[in-house]
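>
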Amino acid sequence: MSEEKNMQQGDQEENKNLAEEKNETTNEAQEVASSEQVSEKGEDSPSKDEVTPQAEVTEEKEVEPVVEVTSEVSENKEGDEPKEKKLETEDDLHSEDEDEDEEDHEEELPDYSEYSREQLVEAIEELAQQTTFKRTDRVLAEIVPLFEEMEQGLRTEALEKYKADGGEEDSFEFRHDELFNRFDASHRLIRDRKHSFYKEKEEAKTRNLVKKEELLSQLRELVDGEEATTSIKPIKDIQEAWKQIGPVPPQHNKTLWANYNALLDRFFNNRHILFELKELDRKKNLEAKKELCEKAEALDKLDNIKDAVIQLNELHEEYKHVGPVPKEVQEELWQRFKTASDNIYRKRKDYLEDLKGELKENLVKKEALVQELLPFTDFKSDRINAWNAKTKEILAIQKKWDAIGGVPREKAKEINKGFWGSFKQFFAHKNEFFKTLEGQRKENLEKKVKLAEEAEELSKSEEWDKTSEQLKKLQRQWKEIGPVPEKKRNEIYERFKAACDAFFNNRRSHQNKAEAGYVNNQKAKEAIINTISDKAKEAGGSEAELMELVEQFNSIGFVPRNAIKTIESQFSEALEAYAGSLNLEENETESLVIRAEMTGLQSGPGGNRRLNKKEGALRRQISELEDNIALWRNNLTFFANSKTADKLKGEFDQKIDKAVEEVKELKKQLRILRSL
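In UniProt numbering, the protein residues as written are 1 to 676.
What follows is the structure, given as structure tokens:
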């Protein structure tokens with residue numbers, strides 16, 4: 001576990017990044033509100049379009065009252081009452097997504113001190129599949145020190161045994177087992193995923209900064225250009241694009257927003273139709289915000305309060321970006337939206353109160369499981385199947401336990417100790433049982449030693465086929481024997497493997513020498529290929545002449561392995577050229593070529609077997625293609641009408657047409673093959 005501390009330090013640094021990300025999100029939410037503030041000073045507006053983070057932009061602001069989203073409930077101290085969220089100003093429409101995990105009831109963690117090494121490994125492997133880094137850090141803080149302590153205990157125990165056997169401490173080398181490797185791999189995976197997650201977030205912020213600076217350049221060109229007086233649509237497009245871009249590095253956020261707002265002020269102040277445009281825009285904003293109010297009011301009918309809060313946060317974000325409305329309805333509209341929000345927060349407060357009752361019910365259920373687990377502590381058996389059956393039962397109880405959920409904080413430690421104490425005791429008895437199986441492993445070692453000796457005798461044989469089968473039989477017996485003592489596992493395996501490798505290397509060397517005689521076969525086949533090609537150019541040939549040449553080609557024998565594909569390709573080209581010179585119909589020409597190629601499969605020993613194998617392969621290809629065609633055609637029915645969907649439909653149609661043609665060609669080959 002020498003690298004565990006470094007991994008924990010990496011986790012702490014990434015947690016710091018997460019905290020900075022949360023602060024940045026809050027700062028950005030506060031700065032975004034300024035995008036709705038449009039100056040109405042006309043000619044008195046500033047002449048410059050850029051400001052620094054320290055500069056102050058003096059303008060006539062139209063800010064609608066908004067409310068502050070704060071934490072509702074704190075359960076850190078006994079007796080604390082849930083506090084209702086308050087929205088005070090519209091600038092406080094921050095996204096609550098980052099705080100949801102903190103506001104929800106904190107999940108109770110098991111008492112990991114009662115876990116075995118196997119359970120801690122399973123716990124971290126399960127943790128490696130999760131994406132909630134906050135929970136991941138809490139669990140790692142519990143289980144990593146426990147696992148390190150167990151690992152140190154194993155090392156100390158191994159050292160004492162080594163010294164008791166006469167070994168010197170300086171020469172002692174402790175080897176970690178598979179459980180340690182699994183634990184370490186999962187821990188590294190968690191660290192790497194977190195590192196990638198935060199690295200990507202920082203890179204995304206930098207990309208967003210570039211995008212926003214590009215939008216500022218576009219906006220500056222519009223403000224300074226002559227076409228700025230003719231249409232407001234380009235400005236709206238830039239505003240929409242700006243809104244869609246995510247967060248930027250916090251040190252640039254204020255400057256970006258200040259420059260953005262200054263340019264917007266210049267745009268509207270430089271137009272004599274400013275008032276009419278603003279009034280029209282505010283009327284549209286009024287309709288948009290009315291719709292958002294209706295959606296917020298409709299959330300009161302949702303049964304799932306968590307979904308309601310999530311959707312309300314999304315409505316807050318939309319409301320913030322809509323823009324100002326006519327002054328005379330500004331306060332009234334905001335109070336309507338605020339009232340709908342407050343109703344949801346009151347329901348959430350009631351939900352958390354109900355959650356306390358649920359935790360008490362969970363406690364009753366878990367107490368029952370503790371009683372159900374007690375008989376397992378006295379279980380004894382001398383059969384593996386019985387232990388495995390009992391293990392399944394106790395794991396089923398564990399699943400019930402895990403599915404129940406949290407309990408009141410003040411009872412969590414006691415109830416966890418009762419459950420996991422019995423759980424651990426059962427597996428301690430099980431481990432004692434399996435220690436007795438060590439004798440069986442010694443017997444397995446004796447059997448494998450005999451197999452290794454037999455393999456060593458066979459390794460010198462030159463009866464390649466017979467000995468090959470004998471060694472394969474020994475390999476099958478090896479797999480059936482079972483495990484041997486860990487200290488001898490690699491040694492006996494390497495001995496057996498070395499004997500097998502020696503024989504198969506000798507056989508391979510023999511085969512390589514045999515391939516030297518294949519060169520003449522290659523030359524003979526190349527000569528026939530040249531003959532077929534020459535006759536194709538002369539024309540006047542016949543199908544009988546071609547089949548005779550094919551028969552000569554197939555009778556020659558093997559060629560060097562590295563020339564097989566080249567010879568086959570040249571032969572196919574020559575066949576096609578010769579068949580094309582016979583003035584046959586296109587389908588007849590194609591049929592002749594296929595029959596000529598299939599004749600090669602039929603000739604020689606095992607011809608029927610090769611034909612059957614080829615037929616099976618063709619049928620499988622046809623079946624797979626027809627299944628794919630049916631699947632693709634079925635998928636086409638699910639596409640909606642859109643540009644993207646039309647493009648995908650076109651791609652699927654091409655795939656289907658290509659597959660249909662392949663099926664036709666394969667079926668033609670199959671008919672010809674069956675006629676042979």
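For every residue, glycine included, the Cβ atom is placed at its ideal position computed from N, Cα and C.
Keep in mind it's a predicted model, so treat the numbers as computed, not measured.
#1: By Cβ distance, which residues of its chain are closer than 7 Å to L109, with the 5 residues on each side in sequence left out?
#2: Taking all protein chains shown into account, decide if N261 is buried (16 or more other Cβ within 10 angstroms of its Cβ) or exposed.
#3: Write down the C-beta distance between L154 and E169 rounded to the nearest angstrom, noting that I regard them as a contact closer than 8 Å.
#4: So, is G418 buried or exposed, given that buried needs 16 or more other C-beta atoms within 10 angstroms?
#5: Taking Y578 and L546 to be in contact with their CB atoms under 8 Å, please state how far apart those CB atoms are, rounded to whole angstroms.
#6: Which residues bound the alpha helix (DSSP H) around K306?
#7: Give the DSSP-derived three-state secondary structure of I245 in the structure shown.
#8: Would you list, in sequence order, the uninterrupted alpha helix (DSSP H) runs of no fewer than 4 residues that lie entirely inside the segment 415–465?
#9: For K278 and K284, what's the separation of their Cα atoms in angstroms?
#10: Enumerate in chain order the residues of its own chain whose CB-to-CB distance from K347 is below 8 Å, with the five nearest sequence positions on each side excluded.
#11: Roughly how many angstroms separate the alpha carbons of Q654 and T566, rounded to a whole number?
#12: What residue range does the alpha helix (DSSP H) around H195 cover?
#13: Do you know whose CA, among Q251, P250, H252, S217, lies nearest I235's CA?
#14: Would you say the beta carbon of E446 comes nearer than 7 Å to a heavy atom of the ligand NAP?
#15: Give me the residue from G225, E291, L263, E202 with the minimum Cα distance to Q251.
#16: Locate the alpha helix (DSSP H) running through L154, then write down its first and last residues.
#17: Which of the three DSSP states, helix, strand or coil, is assigned to R383?
#18: From the DSSP output, in three-state form, read off I556 for me.
#19: Please determine, among F174, K243, L179, T131, the residue with the shortest C-alpha to C-alpha distance to Y198.
#20: So with Cβ pairs under 8 Å, would you call E328 a contact of chain C?
#21: Counting C-beta neighbours from all protein chains within 10 Å, is the total for H510 16 or more, i.e. buried, or is it exposed?
#22: What is the C-beta distance between A596 and I556, in whole angstroms, given that I count them as a contact (C-beta under 8 Å)?
#23: With a 10 Å radius around its C-beta and 16 neighbouring C-beta atoms as the bar for buried, classify R266 as buried or exposed.
#24: For G540, report the span of its alpha helix (DSSP H) as first-last.
#25: Write down the C-beta distance between A128 and L189 rounded to the nearest angstrom, noting that I regard them as a contact closer than 8 Å.
#26: Taking DSSP as the reference, what is the three-state secondary structure of T589?
#27: If we ignore side chains and look at the alpha-carbon of each, how far apart do H321 and N253 end up?
#28: Starting from the Cα of F183, find the closest Cα among E125, R135, E585 and give me that residue.
#29: Give me, in chain order, the residues of the same chain whose beta-carbon lies closer than 8 Å to that of Q570; leave out the 5 immediate sequence neighbours on both sides.
#30: Starting from A368, follow the alpha helix (DSSP H) in both directions and report where the run begins and ends.
#31: Would E64 be called buried (16 or more neighbouring beta carbons within 10 Å of its own) or exposed?
#32: Inspect the beta-carbon positions of W420 and Y115 and report whether they are closer than 8 Å.
#33: Quick check: the segment 401–415 against the segment 436–455, are at least 3 beta-carbon pairs closer than 8 Å?
#34: Can you find the residues in the same chain that come closer than 6 Å, C-beta to C-beta, to R674, ignoring five residues on each side of it along the sequence?
#35: Which stretch, first to last residue, makes up the alpha helix (DSSP H) that contains residue 690?
#36: Going along the chain, which residues of its own chain have a beta-carbon closer than 7 Å to the beta-carbon of L359, five neighbours each way excluded?
Considering the structure as presented:
#1: To locate residue 109, count along the sequence shown from 1; it is residue 109. Excluding positions up to five away in sequence, the list reads R138, V139, E142.
#2: Reading the sequence shown from its first residue, position 261 is the one you call residue 261. It counts as buried.
#3: Walking along the sequence shown from the start, residue 154 turns up at place 154. Walking along the sequence shown from the start, residue 169 turns up at place 169. Rounded to the nearest angstrom, the Cβ distance from L154 to E169 is 16 Å, too far for a contact under 8 Å.
#4: Here residue 418 refers to the residue found at position 418 of the sequence shown. Of the other Cβ atoms in all chains shown, 16 or more fall within 10 Å of the Cβ of G418; this residue is therefore buried.
#5: Stepping through the sequence shown from its first residue, residue 578 is reached at position 578. Stepping through the sequence shown from its first residue, residue 546 is reached at position 546. Indeed they touch by this definition, with Cβ atoms about 5 Å apart.
#6: Residue mapping note: residue 306 aligns to position 306 of the sequence shown, counting from 1. Here the alpha helix (DSSP H) through K306 covers 305–322.
#7: As a position in the sequence shown, residue 245 is number 245, starting the count at 1. The DSSP-derived three-state label of I245 is coil.
#8: Listed in chain order, they are 438–458.
#9: What you label residue 278 is simply residue 278 of the sequence shown in a count that begins at 1. What you label residue 284 is simply residue 284 of the sequence shown in a count that begins at 1. Roughly 10 Å separates the two Cα atoms.
#10: Against the sequence shown, residue 347 aligns to sequence position 347. D300, I305, A308.
#11: Translated into the one-based positions of the sequence shown, residue 654 becomes position 654. Translated into the one-based positions of the sequence shown, residue 566 becomes position 566. Taking the straight line joining both Cα atoms gives about 31 Å.
#12: Translated into the one-based positions of the sequence shown, residue 195 becomes position 195. Run containing H195: 178–224, per the alpha helix (DSSP H) assignment.
#13: For the purposes of this step, residue 235 is taken as the residue at position 235 of the sequence shown. Scanning Q251, P250, H252, S217 for the CA closest to the CA of I235 turns up S217.
#14: You won't find the ligand NAP in this model; it holds no ligand whatsoever.
#15: Counting from 1 along the sequence shown, the entry for residue 251 is found at position 251. Looking at the Cα atoms, E202 is the closest of the given residues.
#16: On the sequence shown, residue 154 is found 154 positions in, with the first residue counted as 1. Per DSSP, L154 belongs to the alpha helix (DSSP H) from 133–164.
#17: Locating residue 383 in the sequence shown gives position 383, counting from the first residue. In the structure shown, R383 sits in coil (DSSP, three-state: anything other than H, G, I, E or B).
#18: Within the sequence shown, the letter at position 556 stands for residue 556. I556 falls in the coil class under three-state DSSP.
#19: As a position in the sequence shown, residue 198 is number 198, starting the count at 1. Looking at the Cα atoms, T131 is the closest of the given residues.
#20: The structure shown contains no chain C; it is built from a single protein chain.
#21: As a position in the sequence shown, residue 510 is number 510, starting the count at 1. By the neighbour-count rule (16 or more Cβ atoms within 10 Å), H510 is not buried but exposed.
#22: On the sequence shown, residue 596 is found 596 positions in, with the first residue counted as 1. On the sequence shown, residue 556 is found 556 positions in, with the first residue counted as 1. With 8 Å as the limit, A596 and I556 do not qualify as a contact, their Cβ atoms being about 15 Å apart.
#23: The residue labelled residue 266 in the question sits at position 266 within the sequence shown. So R266 ends up on the buried side.
#24: To locate residue 540, count along the sequence shown from 1; it is residue 540. Premise fails: G540 is in no alpha helix (DSSP H) and is neither H nor E.
#25: Along the sequence shown, one-based indexing puts residue 128 at 128. Along the sequence shown, one-based indexing puts residue 189 at 189. About 5 Å separates the two Cβ atoms, so the contact holds.
#26: What you label residue 589 is simply residue 589 of the sequence shown in a count that begins at 1. T589 sits in a helix when the DSSP states are folded into three classes.
#27: Position 321 of the sequence shown, counting from 1, holds the residue named residue 321. Position 253 of the sequence shown, counting from 1, holds the residue named residue 253. Those two C-alpha atoms are separated by around 17 Å.
#28: Counting from one through the sequence shown, the residue named residue 183 turns up at place 183. Residue E125 is the option with its Cα nearest to F183.
#29: Mapped onto the sequence shown, residue 570 falls at position 570. Sequence-distant Cβ neighbours of Q570 in its own chain, meaning closer than 8 Å and more than five residues away, are E526, I529.
#30: The sequence position of residue 368 within the sequence shown is 368, counting from 1. Unbroken alpha helix (DSSP H) run through A368: 327–373.
#31: Residue mapping note: residue 64 aligns to position 64 of the sequence shown, counting from 1. Here E64 scores only 33 on pLDDT, less than 50, and its place in the model should not be relied on; the value that follows carries that caveat. Result: buried.
#32: Counted from its first residue, the sequence shown places residue 420 at position 420. Counted from its first residue, the sequence shown places residue 115 at position 115. Yes. Within cutoff.
#33: Contact fails: fewer than three Cβ-Cβ distances are below 8 Å.
#34: As a position in the sequence shown, residue 674 is number 674, starting the count at 1. Closer than 6 Å at Cβ, skipping near neighbours: no residue.
#35: The first residue shown for the chain is 1 and the last is 676, placing residue 690 beyond what the model contains.
#36: Start at 1 with the first residue of the sequence shown, and residue 359 comes out as number 359. Result list for L359: G406, V407, P408, in chain order.
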